[in-house]
Structure formats: structure tokens, C-alpha cells
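K.L.:
Below is the structure I would like to discuss, written out as C-alpha cells.
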Amino acid sequence: MKRIKRLFLVSILTTTMISFAQDGTLDTTFDVDGKVVTLFGSNLSSVHDLAVQPDGKIIAGGSVFATSTIYNQFALARYNQDGSLDGAFGVGGKAVSDFSDLRLEFTAMAIQSDGKIVAVGSSHTFFNGLPYEQFEIMRFNSNGSIDTGFGVNGKVLSITIGDVSNMAAVIIQADGKIIVGGDTMIYSDPTSDFVVLRYLDNGVLDTGFGHNGVVITSLQADDVVKAMTLQADGKIILAGSSRAVYDPILGYYAQDFAVVRYNSNGSLDNTFGINGKLIAEGNEEFDTALLVESLADGTIIVAGNARPTGGPNNFLMMHLLPKGELDPDFGTGGVIIKPLSVGEVTAMEMQTDGKILLAQYHATGGISSADIQLIRFLATGGLDLTFGEDGIVTTDFINQNSQANAITVQDDGKILIGGGSGNPIHVDFAVSRFNSTLKLDNSEFNMAESFSVYPNPVQQTVNLTFTLKHSQLLSIDLYDTSGRKIIRLINDKTFAEGSNFQKLELPSTLSKGIYFLNISDGSKASVVKIVKE
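Just so we're aligned, residue 0 is where the sequence shown starts under numbering that gives the first Met the number 0, counting upward by one.
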């Protein structure tokens, strides 16, 4: 039997035992004032997604109006950690697709393990006076050049899905396959449906997924996808909104959260919701999910915007159990609704500690002087009062019209938002970074002499031994490597001064991997790493 002794193992991934400098101030190490505006030589350009490379460099992706093609094109900019453009990427830190036959709108991107960047969006054309939009996927090499080995000369145009198709998200599987999610409709039946596609690494549709690589799912009259996540078991979750037909009694078209879960082969997961589908009402007329996250314990967080007819926006969050039922122990029947100030919610992101960041378009003096408003909610749904001013930060770019379309969080906790800044006739790429730094607190090292666990690796039962300087009331929680709490193993138990022994039973459904035991007295904590085999 292997016995491993750990002396206050502290992991920055375990959020309960570290303190955050979460004041929401602009990070002045990022281009001096925390804000970067990048010109592409066009009148209209805007960031729509952000990603951080393993080396800390930041990639902003969006659309630009390219004068060489007279059409919108995909565009990427790569920044060093200090906010300066990375001259080794593209031309002067910028890359533009430059396909003269395509009018493109960028939506999202993902970075492969080899550093290549997969960008997705739509291609626009007109036929008989009607607009047609098709899925467009493009791959860039890590230096910003087009990867001509992907699809046809670096691009894939999915022309067989529908007449108007919009991509919302892209995820790279561990095996390199590419999953994209969105919605589609045809003019002969003008209602939109969820759609998910999977491609091989070379850009060819994966025929082992769905029907020749494509799955289309109908919920109600109009179904729109806004977010996607991939569970640890390979199941895929799409989230967005679903709108029914006009209800003459209610007097409006009810629009609710919509969530669909698929098995890894593209079939609907019949263990979730009703035949893999869930429509969840948030008690407002117009609800749209903008974020979906699968937690380590199998539960699901869905968050977004809820708006009554003619009323202001609200923050809406739901906690779903693994089979899609609302968690009765979360909020009110699994739902939390919080009012927001006047503005349009444009982006959401979840931190590793479960807190949710929300960006909205905040008009303070008319459309020409709108600001970016960043709001942070606790995992329990309340405003995080340690962030900004009572949970809210408002910023602009040079007193111009600003809008945030994307949020991401760096490994050090700092928050990046991207969008556009300018006026109604000229908009540029805009990226800003806010402080939210992880710091170790030395007070955490004073609780006990040592903690030991055995066996380690562990299968089901963990034996924990430790010595306390005095009697203490302790709780023990289990966390995964993303910093999310899986389960409370011990709740407020009094342990005596001196040597102590505690047997802990791990959940039977816990997957293999690395986890952390967080032992806390409410103000201080220590962490022990365990390996589940």
C-alpha cells in the first residue's frame, strides 16, 4: 500500500483556498491602459471571439470589410501578453482570409493542439432576391497563413444543410475531430432547427457521426443555437432558444431556453430531457441561453437573457441535473432570475470557480456613446460585490461607441473582452483586459501540521489523517482540476486537537483523473491532491 504525505498542497486551480484580486480594474500591463484598438484598414471590423494560446498569447477573431474583395472576410489578430501585436503572426500581427468570391461573417474559433486555428462563420450570397447563408469553416496555420491542406484551399463550405444557416460555436475533440453547432432553415419551411456537424481533421464530414456527418434537430417553430459544450464522456450539448407559434391567449410568441444533448455518435441522448430535448421556461416571455457548461458531477449550468414584453433584460440561470431535470436545491426550483440595467446582453463566460461573467451593450448617451458593461455573478446567482462597483464594471474605448461580443478568462484569472469600438460608420477591433488575479494567502498554512491520504491512487475510499493545533470545525469538499466543486464529503464536523483520522467515500460515478480534497474551516483552507484510478 502506497502512502503519500502532502504538506499543504496548494493548487491555483482550487478556488476556495485562494483569494482573487477581483476588483475589475483595467489591467495597465496590457497596452498601458488595459485597452487595445487594432485597425485593419477597413471601415467596419469587430472581434467576435477570443482565445488564449498555451504560451499566453491572445488571438482575437472577427470580421473585417476587405477593400481588396469588396466583401467581409475572416480576420485574426494575435497579441503578446503585453497587448502588442505579435509580428510573427500574419502581416504585422494580423491575418485576413482574402477570398474574393466569398462574403464572410466570422462567429467563433478554436485552437488545435498543434496551434492551428479553426475559424467558423457563414458565407452570404443572394439568389432571386433572397439571401442565402451557408456554414463556412476555415483553418489558419499557427503563423497566420491559410492552411491549404484543410478542405479546399483552406476552407470548407457546407452547402447541403439549408438555405440560411448560422454557426454559433466550434469545439476541437481530443482526437482532432471538429464539432460545429448552429441552426439552419429552408425557405420552403421557414422555421429554424438546431444543427450539429462533425468534421475530420482534414475538413471532410465525419460519416460516422449522425447522417453523413450532420444532425438536424427540430424542437418548436424557431430554434436558435447560441452555445455548445462537450462533456467529459463525449456527449455534446447545444443550447439557445426555442420559440413556439403565436399564442393568441398570451398574445405573444413564447421563447424559452432550449437544450439538446447528443451522444458521441450524433444520436439524441434519450436519457436527457424528453428524447434528448429540453425546453425550460424562465418565467419571462423571451428567454435565450447564451452559455452552457457541463460540470464535473454531470450537472449542467445554462445561463442567458430573459426579457418580458416591453421590459428590461434579466440575467437567467438554471442548474440542471444530469438527466435534464431542474435542480430543486438551486435558486427557486432550479432557476435564478436577476434584473439587469438597460442594455443588450452580448456575451457570457463561466470562470473556473463557477462565477459567471456577462457583457452587455450599455447605452449611456445614445447609440453613438454606448459603453461596455461587464457584470459578474456568483455561482449561486447573486452579484459578486467584490468585483468592480457592486459587481459591475463600465468601460469604453476613447469615449466612442463600444460593444463586447466575446469574453474569455486567462489561466491567471485575468478577464479579456473583445468587440468593436468606433462610430456608426467606422468600427475597429477592440480588446481589453481586466484584473482578476489569483494570489496565495499565507494564512492558509497555519491550520494544521500536515495532511496525509492513503491509498493514492484511490479507487473508492480515501483515508485522511491530519494533526490540528486546536479543535476546529471543518468541512471537506472534492474539486476537479478546473476548480469546480463536485461534492461536499464532510459538512461542519468538529475535529479534536491533535491527531485525527477521517474515512471519505468518493462518488461511485466519479471518473478517473486528478482531484483535490479541500479542507476548510471557513476562513482558511488546505488542499490535498488525489488520483482516482
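Cβ coordinates follow ideal geometry from the N, Cα and C atoms, glycine included.
#1: So Ala168 is in the beta strand (DSSP E); what residue range does that whole segment cover?
#2: Assign Asp205 to one of three DSSP states: helix, strand, or coil.
#3: Less than 7 Å between C-beta atoms, sequence neighbours within five positions excluded: which residues of the same chain meet that for Asn79?
#4: Which residue marks the beginning of the beta strand (DSSP E) containing Thr47, and which one marks its end?
#5: Taking the C-alpha atoms as reference points, what is the distance between Glu532 and Phe450?
#6: Taking C-beta to C-beta, are Ala118 and Phe134 nearer than 8 Å?
#7: Using the Cα positions of Val527 and Leu377, report the straight-line distance between them to the nearest angstrom.
#8: Using a threshold of 8 Å, state whether the C-beta atoms of Ile278 and Leu356 are closer than that.
#9: Between Val194 and Ser164, how many whole angstroms is the CB-CB distance? I'm expecting something under 8 Å.
#10: Could you give the distance in angstroms between the alpha-carbon of Ile160 and the alpha-carbon of Asp32?
#11: Who does Arg432 pair with in a DSSP beta bridge?
#12: Within 10 angstroms of its Cβ, does Ala87 collect 16 or more other Cβ (buried), or is it exposed?
#13: Can you grab the Cα-Cα spacing for the pair Gly512 / Asp188, in whole Å?
#14: Beta-carbon separation of Ile414 and Gly380 under 8 Å?
#15: Per DSSP, what are the beta-bridge partners of Ala76 in this structure?
#16: Helix, strand or coil for His123? Go by DSSP, reduced to three states.
#17: Taking the beta carbon of Tyr198 as the centre, do at least 16 other beta carbons fall within 10 Å, making it buried, or is it exposed?
#18: Taking a contact to mean a Cβ-Cβ separation below 8 Å, would you say Gly272 touches Val214 in this structure?
#19: Keeping to the same chain, check which residues put their C-beta closer than 8 Å to that of Ala50; ignore five residues upstream and five downstream.
#20: Should Ala447 go down as buried or exposed, given a rule of 16 or more other Cβ atoms within 10 Å for buried?
#21: Quick check on this structure: which residue in Glu496, Phe139, Gly323 and Leu319 has the alpha carbon closest to the alpha carbon of Gly330?
#22: Do Ser293 and Gln230 have their CB atoms nearer than 8 Å?
#23: Distance, Cα to Cα, Val426 vs Leu467?
#24: Do Leu75 and Ser122 have their C-beta atoms closer together than 8 Å?
#25: Kindly indicate which three-state DSSP category Ile185 falls into: helix, strand or coil?
#26: Closest to Pro53 by C-alpha separation, out of Arg483, Arg432 and Asp411, would be which residue?
#27: Just how far apart, CA to CA, sit Gln471 and Gly497?
#28: Could you name the residues of the same chain whose beta carbon sits closer than 6 Å to that of Gly239, not counting the 5 residues immediately before and after it, in chain order?
#29: Going by beta carbon distance, what residues of the same chain come within less than 8 Å of Ile529, once the five residues before and after it are set aside?
#30: Which whole-angstrom value describes the C-beta separation of Gln402 and Ile371, a residue pair presumed to lie in contact below a C-beta threshold of 8 Å?
#31: From the DSSP output, in three-state form, read off Ile160 for me.
#32: Using 10 angstroms around the beta-carbon of Ala495, count the other beta-carbons present and answer buried if the total reaches 16, otherwise exposed.
#33: Pick helix, strand or coil for Leu8, following the three-state DSSP scheme.
#34: Cα separation between Thr351 and Leu384?
#35: Can you tell me where the beta strand (DSSP E) holding Pro338 begins and where it ends?
P.N.:
A quick look at the data gives this:
#1: Val163 to Ile171
#2: coil
#3: Lys56 and Asp85
#4: Residue identity check: residue 47 is His in the sequence provided, not Thr. Element bounds for His47: Ser44 to Val51.
#5: Each residue's alpha carbon lies about 21 Å from the other.
#6: no
#7: 25 Å
#8: no
#9: 7 Å
#10: 45 Å
#11: Leu415
#12: exposed
#13: 47 Å
#14: no
#15: Ala59 and Lys93
#16: strand
#17: buried
#18: In this structure, Gly272 lies away from Val214, with their beta-carbon atoms at least 8 Å apart.
#19: Ile57, Ile58, Gly60, Met108, Ala109, Ile110, Ile116 and Thr407
#20: With a pLDDT of 42 at Ala447, under the threshold of 50, the predicted position of this residue should be treated as unreliable, and no value is reported.
#21: Leu319
#22: yes
#23: Roughly 60 Å separates the two Cα atoms.
#24: no
#25: strand
#26: Asp411
#27: 11 Å
#28: Val223, Val224, Lys225, Ala257 and Ala288
#29: Contacts found: Val452, Asn455, Pro456, Val457, Val461, Ile513, Tyr514, Phe515 and Leu516.
#30: 7 Å
#31: coil
#32: exposed
#33: Residue placement at Leu8 is flagged as unreliable, the pLDDT there being 30, under the threshold of 50; the coordinate-derived value follows with that caveat. Looking at Leu8 - three-state DSSP - the assignment turns out to be coil, as it is neither helix nor strand.
#34: 18 Å
#35: Membership of Pro338 in the beta strand (DSSP E) is indicated by the continuous run Val334 to Pro338.
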